[in-house]
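Numbering (the UniProt record's numbering), first residue to last: 1 to 681.
Here a beta-carbon is modelled for each residue, glycine too, at the ideal position from N, C-alpha and C.
One structure below.
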Amino acid sequence: MLSLWPSPGAQGGNRVTLATAAVSPTPSALPPLAPARAPAPITPSNLTPADPPPETPPETTAGNRLPLGAILLRKGAITPAALRYALDIQSRQQARLGDILRAHGLASEEMVIAALAEQFHTTVIDPATSRPDPRLIDRLGPRRCLRLNCLPWLRAGSIIVVACSTPDQFARIRPELEAALGPVTMAVIGETALHRALIASHRSTLQLMAETCVEAEESCRTWDARRFSRLIAGFALGILIASVIAPVAAFLTLFGVVILALVLGNLLKIAAATTQIRATRAEEARGHSDLALSQTARKPTVTMMVPMFREPDIAPRLVRRLGALTYPRELLDILLVVEEDDHLTRDALAASDLPHWMRVIPVPDSDLRTKPRALNYALNFARGSIVGVYDAEDAPESDQLHRVTAHFARAAPDLACIQGVLDYYNPRTNWLSRCFTIEYAAWFRLMLPGLEKLGLVVPLGGTTLFFRRALLEKLGGWDAYNVTEDADLGIRLARHGYRTELLQTVTMEEANCRVWPWIKQRSRWLKGYAMTYAVHMRQPALLWRQLGARRFFGMQVLFLGTLIQFLLAPILWSFWIMLFGLGHPLAATLPAWALPCVAAIFFLSEVAGLTINIIALKAARHRFLRLWALSLHLYFPLAAVAAYKGLWEMITSPFYWDKTAHGIHDSASLPPLQALRPMAG
1 MLSLWPSPGA
11 QGGNRVTLAT
21 AAVSPTPSAL
31 PPLAPARAPA
41 PITPSNLTPA
51 DPPPETPPET
61 TAGNRLPLGA
71 ILLRKGAITP
81 AALRYALDIQ
91 SRQQARLGDI
101 LRAHGLASEE
111 MVIAALAEQF
121 HTTVIDPATS
131 RPDPRLIDRL
141 GPRRCLRLNC
151 LPWLRAGSII
161 VVACSTPDQF
171 ARIRPELEAA
181 LGPVTMAVIG
191 ETALHRALIA
201 SHRSTLQLMA
211 ETCVEAEESC
221 RTWDARRFSR
231 LIAGFALGIL
241 IASVIAPVAA
251 FLTLFGVVIL
261 ALVLGNLLKI
271 AAATTQIRAT
281 RAEEARGHSD
291 LALSQTARKP
301 TVTMMVPMFR
311 EPDIAPRLVR
321 RLGALTYPRE
331 LLDILLVVEE
341 DDHLTRDALA
351 ASDLPHWMRV
361 IPVPDSDLRT
371 KPRALNYALN
381 FARGSIVGVY
391 DAEDAPESDQ
401 LHRVTAHFAR
411 AAPDLACIQG
421 VLDYYNPRTN
431 WLSRCFTIEY
441 AAWFRLMLPG
451 LEKLGLVVPL
461 GGTTLFFRRA
471 LLEKLGGWDA
481 YNVTEDADLG
491 IRLARHGYRT
501 ELLQTVTMEE
511 ANCRVWPWIK
521 QRSRWLKGYA
531 MTYAVHMRQP
541 ALLWRQLGAR
551 RFFGMQVLFL
561 GTLIQFLLAP
571 ILWSFWIMLF
581 GLGHPLAATL
591 PAWALPCVAA
601 IFFLSEVAGL
611 TINIIALKAA
621 RHRFLRLWAL
631 SLHLYFPLAA
641 VAAYKGLWEM
651 ITSPFYWDKT
661 AHGIHDSASL
671 PPLQALRPMA
681 G
């Protein structure tokens, strides 16, 4: 069982070959761990300028070092059966022996660290008796220290002692270290201890990095709520004056704007849906090869970050659901990201039996409290070259990470992001959950993949996202001040020349199915959409050059058009009075052909929306929802209420994250997670 900082530990060294490793036992068949003795730790008292640490002896080259497995065997830290099991895994995976032993519970971090110190003829840093010199850390910078898995600890004479959690990489990074620090020598430290020491020394720096890592030109953090309130007040006053002077002209102008947004939005929806339907049929005819590739290729390490806030009840279910993932444990790195002062969630996780491949990352307290800020902070401590995001209530397909890594392996280098399909495991809870499930089915099965195949900007969902870490860090991660950080990141990826693709792998999550919480969640989404649009339209000419004409106009329809339809929805609702035999105020001022044209637009929009929804509900578990698609007329007006709430918050609390409670309608029994392939077409 692990507490708030579990044992992610040091890495193993060289491979060991045993001719007797014909059969690999399972972890459950292996004997319990044996205690190991650590070498004497480095402390200021035994490292003085008069007695500097020796350089690594020349005989400790890679070819002459005693293998890590042999050292652990000699110390009695592991058994031959455990070593055979770990070596069998290592022959198939790109993983260090120490990582494998720890991931499968065959050796503790302390055992591996002690053996590594002996293997590399050095000693162990003891953070309990000494602290790193902050001035030395500043010469490298906290981010580079984390990237190199090294921490300059102290000066001993003319030599800098560098604590390293991956000693097998020290020779490779030594020139970079010496360029910044001068002569260095290595000591060994566990990864957990390294992170703790860095946080203790540079907490405020890491916190600031998490909040400001995106360039100011592409961030919401410079949002001027007062200026925006003046603009809104001026716009409202202008409409009021126009309504008094020329009420019919004012109404017709607004009506023309919302009708244009409705028509363009439906054309985009139809184009995306038909494109995806054709692509799905062609793909089904060719067949899939993701899994075949994933079974043969060497896999990368994958880090999945799971932000959690005030969700103590979800912890046991989360551990169980993530435990269903079949990705190799030695290559899986789960970061449970919690706010530092969220003691309920932290206590629940501390009481859970977390496996060795799960770690809890407490995020320092701050006035800003958003999901993207927490993700940026946790990204510093990720191990994987592929980084993903799950929500706390998510239940991903068991083979999902295999499919994701296989897709990245065969994709072009400009593919920065993979978005999975989201679905709900509680569609039968009530009417709202049914409507939400219908909406998500159309969005993730037809709209988003269709936008991708049309070459347009893809606004990402907030979960089941996977990134090439190097490209994500190049963009600065997430905008910590944006409450729809996912949609914003989708635009930034496109602006900088990177692609997003949809992958047909499903994650089940909980539908928000209470009216006021639904409105609060949707108001946050629409507020974020509006702020994202405003940020990226600061320099429209630059945005045009970066996106190109087609993606630029697609973004206008998708973001601005969506906001217009919700904010001006009452104008469209005014025409529904005609169904009750009442005349519309505009009837006398419009040409005879105008009202039939408006009626035709409304009718065709409804037909298009209903058709797309029914096609998206093709999967057997969704078919019962088809009749409920007719009731979406009563569902989307809630979003208009949410839009005005979001507009108000853009003035009063632009960075406020209206938290959605999870686990309220969590289902104990889910459909088989290996059989949830999306179906469309």
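Residue state for G583 is assigned as coil, using DSSP reduced to three classes. Between the beta-carbon of D486 and that of L465 there is about 7 Å, and that keeps the pair under the 8 Å contact cut. For E215, there is no enclosing beta strand (DSSP E), as DSSP marks it with neither H nor E. Pairing Q539 with I232, the inter-Cα distance amounts to about 20 Å. Counting C-beta pairs closer than 8 Å gives three or more between the segment 318–330 and the segment 384–402, which meets the contact rule.
In this structure, the CA atom of V214 is about 19 Å from the CA atom of R499. Between I314 and L335, the C-beta spacing is not below 9 Å.
Here C417 is bridged, per DSSP, to F467, T500. C-alpha of R143 to C-alpha of N380: approximately 7 Å in a straight line. By the 16-neighbour rule on beta-carbons within 10 angstroms, G69 is buried. For A187, there is no enclosing alpha helix (DSSP H); the enclosing beta strand (DSSP E) covers residues 184–188. Taking 9 Å as the cut-off, the Cβ atoms of Q556 and V258 do not count as close.
Taken through DSSP and simplified to helix, strand or coil, R96 comes out as coil. Under the three-state reduction of DSSP, G141 is assigned to coil, being neither helix nor strand. Under DSSP, no beta-bridge partner is assigned to T429. Taking a C-beta distance under 9 Å as the contact criterion, G646 and R469 do not qualify as a contact pair. One Cα belongs to C513, the other to K520, and the distance between them is close to 12 Å.
Of the other Cβ atoms in all chains shown, 16 or more fall within 10 Å of the Cβ of L617; this residue is therefore buried. The C-alpha of R298 lies about 15 Å from the C-alpha of A411. As computed with DSSP, G388 is found in a beta bridge with M304, F466. Counting only runs of at least 4 residues, the segment 553–610 fully encloses the following alpha helix (DSSP H) elements, listed from N- to C-terminal order: 562–567, 569–573.
Considering only I125, Y424, A261, the residue with the shortest C-alpha distance to M508 is Y424. The beta carbon of A115 sits closer than 6 Å to the beta carbons of L68, I71, L72 from its chain, once the five residues preceding and following it are set aside; these are given in chain order. For E649, the uninterrupted alpha helix (DSSP H) segment begins and ends at 637–652.
Annotation for M531: no beta strand (DSSP E) segment contains it, though the alpha helix (DSSP H) segment containing it runs 515–536.
Annotation: A163 is outside any alpha helix (DSSP H); the continuous beta strand (DSSP E) that includes it extends over 159–164. Here DSSP, grouped into helix, strand and coil, assigns V458 to coil. Sequence-distant partners of G476 (beyond 5 residues in either direction) whose C-beta falls short of 6 Å from its own C-beta, in its chain, are C213, V214. Taking the C-beta atoms as reference points, A643 is found nearer than 9 Å to L567.
Taking the Cβ atoms as the reference, V506 lies roughly 5 Å from V421, within the contact range of under 8 Å. As a beta-bridge residue in DSSP terms, R155 pairs with I160.
Counting only the Cα atoms, L627 lies some 41 Å from A409. For R359, the enclosing beta strand (DSSP E) starts and ends at 358–363. Taking the Cα positions, A273 is about 5 Å away from L446. At a Cβ-Cβ threshold of 9 Å, T123 and P167 do not count as neighbours.
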